[in-house]
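Undergrad:
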Amino acid sequence: MTDHLASLAPEPPDLPARLDHPVRPDRPRGLFGDAWHALRRRPLFWISVSLILLVLLMAAFPGLFAPGDPDAADLSRSRGAPSAHAWFGYDNQGYDIYTRVVHGARASVVVGILSTTGVILLGASVGVVAGFYGGWLDAVVSRIADVFVGVPFVLGAIVILTTLNAGGDAGPVRIVAQVVLSISVLSWPVAMRIMRSTAIAAKQQDYVKAARALGASSARIIGKHMLPNTIAPVLVYSTIALGAFIGAEATLSYLGIGLRQPVVSWGVMINSAKDYLRVAPHALLFPAGFLTATVLAFVMLGDAVREALDPKLR
Amino acid sequence: MGRYVLRRLLQVVPVFLGTTFLIYVLVWAVPGDPFEGKCGERDCPASYVSMMRERFNLDDPLLLQYWKYLVNLVQGDFGVTSSGVQVLDRIAATFPVTLRLALVALLVEAVIGITAGVVSGLRDRGFLDSLVLVSTLFLISIPVFVTGYVVQLVFGLQLGWIAPTVTTPTFGNLIVPGFVLASLSMAYVARLSRASIAENRRADYVRTALAKGLPARRIVGVHLLRNSLIPVITFLGTDLGTFLGGAIVTEGIFNVPGVGGLVFRSILTKDGAMVTGVVTVLVLVYLLMTLLVDLLYAVLDPRIRYD
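So the protein lines, in turn, are chains A and B. Here the first sequence stands for residues 14 to 327, where the numbers follow the numbering used here. Here the second sequence stands for residues 14 to 320, where the numbers follow the numbering used here.
#1: So if DSSP puts Val93(B) in a beta bridge, which residue, or which two residues, is it bridged to?
#2: Work out the CA separation of Leu253(B) and Leu116(B) for me, nearest whole Å.
#3: Just confirm the distance between the C-beta atoms of Phe258(A) and Ser128(A), as a whole number of angstroms; I'd bet it's less than 8 Å.
#4: Rounded to whole angstroms, what's the CA-CA distance from Pro29(A) to Pro74(B)? Just pull it up for me.
#5: Note down, one range per segment and in chain order, each beta strand (DSSP E) of at least 3 residues found wholly within the stretch 137-221 of chain A.
#6: Should the stretch 271-282 of chain A be regarded as contacting the stretch 186-200 of chain A, the criterion being three or more beta carbon pairs within less than 8 Å?
#7: Could you check the C-alpha separation between Leu119(B) and Val132(B) for me, to the nearest Å?
#8: Might you give, ordered along the chain, the residues of its own chain that have their beta carbon closer than 6 Å to the beta carbon of Glu24(A), omitting 5 neighbours on each side?
#9: Would DSSP call Asp56(B) helix, strand or coil?
#10: Given that a residue counts as buried once 16 or more other Cβ atoms are within 10 Å of its Cβ, and exposed if not, what is Gly130(B)?
#11: If we ignore side chains and look at the alpha-carbon of each, how far apart do Leu170(B) and Phe267(B) end up?
#12: Would you call Arg31(A) buried or exposed, if buried means 16 or more other Cβ atoms sit within 10 Å of its Cβ?
#13: By the 7 Å beta-carbon criterion, what residues does the stretch 89-108 of chain B contribute toward chain A?
#14: Please report the straight-line C-alpha distance between Val160(A) and Asn85(B), rounded to a whole angstrom.
#15: Sorted by chain position, which residues of the same chain lie with C-beta nearer than 8 Å to His295(A)'s C-beta, five sequence neighbours on each side aside?
#16: Whose CA, out of Ala306(A), Asp323(A) and Ala212(A), lies closest to the CA of Val114(A)?
#17: Shortest alpha-carbon distance to Leu66(A) belongs to which of Leu322(A), Glu320(A) and Leu314(A)?
#18: Could you work out which residue in Tyr17(B), Ile36(B), Ala222(B) and Gly15(B) is closest to Val164(A) when comparing CA atoms only?
#19: Which chain A residues are close to Phe69(B), counting only those with a beta carbon under 8 Å from its beta carbon?
#20: Classify Glu264(B): buried if its beta carbon has 16 or more other beta carbons within 10 angstroms, exposed otherwise.
#21: Does Ser74(B) come within less than 9 Å of chain A when only Cβ atoms are used?
#22: If we cut at 9 Å on Cβ distances, does Tyr289(A) have a partner in chain B?
#23: Output the residue ranges of the alpha helix (DSSP H) runs that lie fully inside the stretch 210-262 of chain B and measure 4 residues or longer, sorted by chain position.
#24: At a Cβ cut of 7 Å, what residues of the stretch 28-44 of chain B count as close to chain A, listed as they run along the chain?
#25: Please confirm whether Phe151(B) has its beta-carbon closer than 9 Å to some beta-carbon of chain A.
#26: Under three-state DSSP, which class holds Asp307(B)?
#27: Using the Cα positions of Thr15(A) and Val123(A), report the straight-line distance between them to the nearest angstrom.
#28: Shorter than 9 Å from the beta carbon of Val296(B) to some beta carbon of chain A?
#29: Are the CB atoms of Ala212(A) and Gly148(A) within a distance shorter than 9 Å?
#30: Would you please state the rounded distance, in angstroms, between the beta carbons of Phe192(B) and Val145(B)? I believe it to be under 8 Å.
#31: Taking only heavy atoms of the ligand ZN into account, decide whether any of them is closer than 8 Å to the Cβ of Gln99(B).
#32: Do you know whose CA, among Asn186(B), Arg113(B) and Tyr201(B), lies nearest Thr128(B)'s CA?
#33: Looking at chain A, which residues of the stretch 138-167 of chain B have a Cβ within less than 8 Å of any of its Cβ atoms?
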């Protein structure tokens, strides 16, 4: 699972990659160069980036932060309050909450990243094709998207997941895959609509006409000319969506139909803590705090990137 | 306008069919016995199963099943659950509660969101503006169930200011759940109205009004607000549709006897007729709300013409 993280995580940081060398003042900067220039000076951007790096590190190497075993339960210490020995206390089963919160980062982050990748790949490719070709293809795709938007998210996810869960006991991989699938299936229309509207606007630009006049094929126009110019809004959406999907995963797990044992995640912890809210509120508050901080980091990053990419706001 | 309404209504039809078919397939085409566990701790007698299969048309091909369901639906017959309860009766009993909750949430969202947005949008980057920006970021990041439990824990259990659960769903009792339900959208409304006000503040008509010597109160209250709130109002409209369908979490935490709890319980107990019935109503409400919002757009903004 860690190699998934390694290959997928640095999505936003590929903006800075092309700017390793200092920008000379007389050299014109591109859209992303300009954005990076503006981002560098925003403290909010650096706060969110370091928070995200911390969470990613936690997800990749939980042992660094919490060497204990997340599955070590001891009923004799059930619902123990936070102390110097166990910073976050113990939950109803006698699990060490700190260890489980650290180990829970992985499932949440993996679900967030995989669903975002799924939504962006599906939504953006369908959107750019629909926007570029237009006509009946666009009409059909837009109606299909309407169907999926028409289903309320939580409701749709519950129905899909109960159907998928009907199979009985499942391993951790299958449980995660089900949650990723249901989030992606219900959320791709948003990415598709964003991409479609940018593609429609880009289609009428001169550079597309010029490329066509030079004899470029449709595939080449879409891949080489339109994609680099239309990807920015979807990129911003994907950053915010990543945080939102981590929250969605927690919501579904909290309802008892998303992730579940043996997977450790923040939502699973909140789900098992909610029945003991009166006697052991710390079992709910600590995972909820980590969850909120992670979502906040991604939303803040998305907000900063959006402001940097939108010249109107500067 | 009339032709546009007609075209939009026609567009709603395929979306409605697609959504209900999707849900129907997900609910009824599940592998496994749909009547498992419906007769207590023994297998259902064969006569019962065959009667139920007959009643829900389960021996027909899927498309025919759906068609029969749809024909009944159009005639106002939502069917009967496997325990013999009329689906429409249950919906009629719970929907007003959810509607009440949604209205409270909408009011909270509109009043607080718009006020915060207008106040911060009228000022350049200062303390108030930053406060609104940061607090909306926080609100967007906290999942609703976390807000719900924290509110329940702090105000309900520790301080004892409110009843932790709603026993009778009057408007007064629904204020706290309404706040929780609205918390996320409130932040979006604040940001939306802030951006809209900040953009329109430099518009020519504002400068003209200022040059005419109108008092600031009138410029903001009449000229600026009426133009800036158009996107906000459309957002509020779609949100009402979302509230009506998505209050499962909030209703669960505060034990509000609404549609969300009903549909969640029915899904868990595999009560297919109830699930399809409720979801159909919710989807219909959502689609009609979106339609209404589109039409409202043209009414509010005379620059938009649908022809």
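Heads up, the beta-carbon is just placed ideally off N, CA and C, and yes, glycines get one too.
TA: If we stick to the structure as given:
#1: Gln99(B)
#2: 8 Å
#3: About 5 Å; that satisfies the 8 Å criterion.
#4: Its pLDDT being 44, under 50, Pro29(A) is placed unreliably in this model, and the coordinates cannot settle the point.
#5: none
#6: yes
#7: Roughly 20 Å between the two C-alpha positions.
#8: At Glu24(A), the pLDDT of 37 sits below 50, so the modelled position is not reliable and the matter cannot be decided from this model.
#9: Reduced to three states, the DSSP call for Asp56(B) is coil.
#10: buried
#11: 13 Å
#12: Confidence at Arg31(A) is low in this model, with a pLDDT of 46, below 50, so the placement of that residue should be treated as unreliable; the coordinate-derived value is given next. Residue burial annotation: Arg31(A) is exposed, with fewer than 16 other C-beta atoms found within 10 angstroms of its C-beta.
#13: none
#14: Separation of Val160(A) and Asn85(B) (C-alpha to C-alpha, rounded to the nearest whole angstrom) is 22 Å.
#15: Ala94, Pro95, Phe101, Gly102 and Ile110
#16: Distances from the CA of Val114(A) to each of Ala306(A), Asp323(A) and Ala212(A) were compared; the closest alpha carbon is that of Ala306(A).
#17: Leu314(A)
#18: Ile36(B)
#19: By Cβ distance, chain A contributes nothing, its closest Cβ being about 17 Å from Phe69(B), past 8 Å.
#20: buried
#21: Checking the sequence shown, residue 74(B) turns out to be Pro, not Ser. Taking Cβ atoms only, chain A never reaches closer than 9 Å to Pro74(B), which makes this a no.
#22: no
#23: 217-224 and 238-259
#24: Val28, Gly31, Thr32, Leu35, Ile36, Leu39, Val40, Val43 and Pro44
#25: yes
#26: helix
#27: Because the pLDDT of Thr15(A) is 34, which lies under 50, any placement of that residue in the model is unreliable, and the number read from its coordinates should be weighed accordingly. Spanning the two alpha carbons is a distance of roughly 9 Å.
#28: yes
#29: no
#30: Contact between Phe192(B) and Val145(B) is ruled out by a C-beta separation of about 17 Å, above the 8 Å threshold.
#31: Judged by which ligands are present, the structure shown has none, so any question about the ligand ZN falls away.
#32: Tyr201(B)
#33: Leu150, Phe151, Ile153, Ser154, Ile155, Pro156, Val157, Phe158, Val159, Tyr162, Val163, Gln165 and Leu166
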